[in-house]
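Reviewing the structure listed below.
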Amino acid sequence: MDKLIIEGGVPLTGTIDVSGSKNAALPILFAAILASRAAILDNVPDLRDIHTTLKLLEMLGCRCDRQGTRIQVAPGELKPEAPYDLVRTMRASVLCLGPLLARIGQARVALPGGCAIGARPVDQHLKGLEQMGARFELEEGYIMGRCRKLKGAHITFDMPTVGGTENLLMAASLADGETVLENVAREPEVVDLANFLTACGARIEGQGTSCIRIQGVTELGGAEYAVMPDRIEAGTFLVAAGITGGELLLRHCPFTDLEAVILKLQSMGMEISVTADGVLAKCGNPLRGTDVTTRPHPGFPTDMQAQIMALMCMAEGASVVEESIFENRFMHVLELMRMGAQIKVSGHTAMVRGTGRLIGAPVMASDLRASASLVLAGLAAKGVTEVRRIYHLDRGYERIENKLNAVGARIRREAE
Ligand code: EPZ
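Printed below as a string of structure tokens:
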């Protein structure tokens, strides 16, 4: 297991290229199961979750060929089983359920277990697929799904779920007739998936709104498609500019997808503007506290909550963070407190008393975005911070220490 050792206190300056989006690439890779010809995907980030997905796709019978950021997924004879050993390392594996049922009428997918950030059930995925004609049983920890041909249905989600919307969108693309999905997730990654499916020949309307209509088709061809840039990676680098008092230009930064984040960072005193070369972020003023409540898109993303909390610790004055999406996403709080942060958690709310100062310490990463928050805190802290268990970070950030070192950070990776 590796750890990162960060010497803090250096303002970051320079240019960073934002990578392709992990959370868009994952469903799009699973959607390739639906196509009867090869899909060629560009701008796929080099991450542990992507490697896991390719391994799973191969086990399911696809042939995957990777050259840098370009991946070809060719259809083969599909097999229905997604084993527990892979699913437990990556919950997004459950996204093969809809495509397998649509293509071969059966799926045997390990039920994802608990997760560091919350219970994260998949009941909405199953309920929607049942409305389309699938039947499920639980057998030795596996969801066993069967169906004849999936049929279009009118499905209303209890809450906007990103994965649930994506699973149903994929299944409905090859179902008989029309499917209407209501109260769906409006996240840009859902839109990117819908656009990829459309490029393969699917008939989809309404992506990006809370109601999506899909007219099922009998076959999807392949397509060449470039995955959208990663808005959460970009948001993390915006915070890196603010927390170090530096100035960063982000190329390929999806500005409009980050509106809620950018407005909050600006309200804290950061200057963020769009230029011909990318998004320029700097922190000319002293940082001020702010209040944030996480919400489904277009609200403030839960995946940026831990990072903005690190910034709040370096601001002057009080901030309040309310986490409304996941029940246990404050694992970074105690670690930030080891670095001198003053934070009080009460239920789903964290109150941060900004002191404008953090001190390096050994800390432990508990999940992907908590890890990012600790790296950001380490960049701002006086002295040396050791972030342990960074395998979480490698799931979602492409060579983060190389990207940050190229703009002046002092980070090295060591085996623990
Ligand atoms: C996606 O997870 C992302 N993962 C998460 O990114 C992100 O935090 C989350 O959406 C919210 O934006 C990927 O895209 C691979 P949800 P997902 O279904 O799809 C409840 C990261 O750091 N729910 O939108 O699993 C659920 O428990 C990660 O990159 C049900 O109750 O999230 C949660 O409270 C982590 N039943 C809420 O809905 C269901 O059947 C939203 O979850 C499904 C969800």
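Heads up: take any position in the sequence shown, counting from 1, add 27, and you land on my numbering.
The C-beta atom is built at its ideal place from N, Cα and C for all residues, glycine as well.
Are residue i and residue j closer than 7 Å when you measure CB to CB?
i	j	result
Q332	T263	no
V288	L39	no
L247	L61	yes
R416	D76	no
M339	I270	no
V254	S48	yes
A198	G272	no
A58	L224	yes
V347	D318	yes
Given residue i, which residues of its chain have a CB within under 7 Å of its CB, disregarding the five upstream and five downstream residues?
i	result
R356	I144, G145, T329, Q332 and E350
D44	R278 and H279
G191	Q151, H152, G155 and F184
G41	L275, A433, V434 and G435
Quick one, which of the options has its alpha-carbon nearest residue i's?
i	options	result
L385	S393, L403 and G374	L403
T412	M255, E34 and D29	E34
G233	I55, K291, K154 and D219	D219
T79	K106, R118, S48 and Q151	R118
A250	D29, Q369 and P102	P102
I352	M295, G125 and T320	T320
S300	P323, L275 and G47	L275
I67	I259, C227, A308 and L128	C227
G243	V114, N50 and R130	R130
R115	R90, E104, L83 and D29	L83
Going by beta carbon distance, what residues of the same chain come within less than 8 Å of residue i, once the five residues before and after it are set aside?
i	result
L420	L31, A392, L395, S398, A399, V402, V414 and I427
E343	P313, L314, R315, G316, G381 and G383
I370	M336, C340, V360, L363, M364, A377, M378, V379 and R380
Is it buried or exposed for residue i, if we count other Cβ within 10 angstroms and need 16 for buried?
i	result
E216	buried
P313	exposed
R175	exposed
M186	exposed
D257	buried
H181	exposed
S200	buried
M336	buried
T188	buried
L56	buried
T283	exposed
Just the C-alpha distance for residue i and residue j, rounded to the nearest angstrom, thanks.
i	j	result
G179	A161	11 Å
L431	T96	20 Å
T302	L285	15 Å
L195	T382	46 Å
K106	G132	11 Å
D304	Q99	30 Å
R440	R93	26 Å
E167	E157	20 Å
H324	L208	17 Å
I438	G405	9 Å
Among the residues of its own chain, which have a CB less than 6 Å from the CB of residue i, if the five just before and after it don't count?
i	result
A408	G35, M366, L385, I386 and G387
V149	V121
E108	R135
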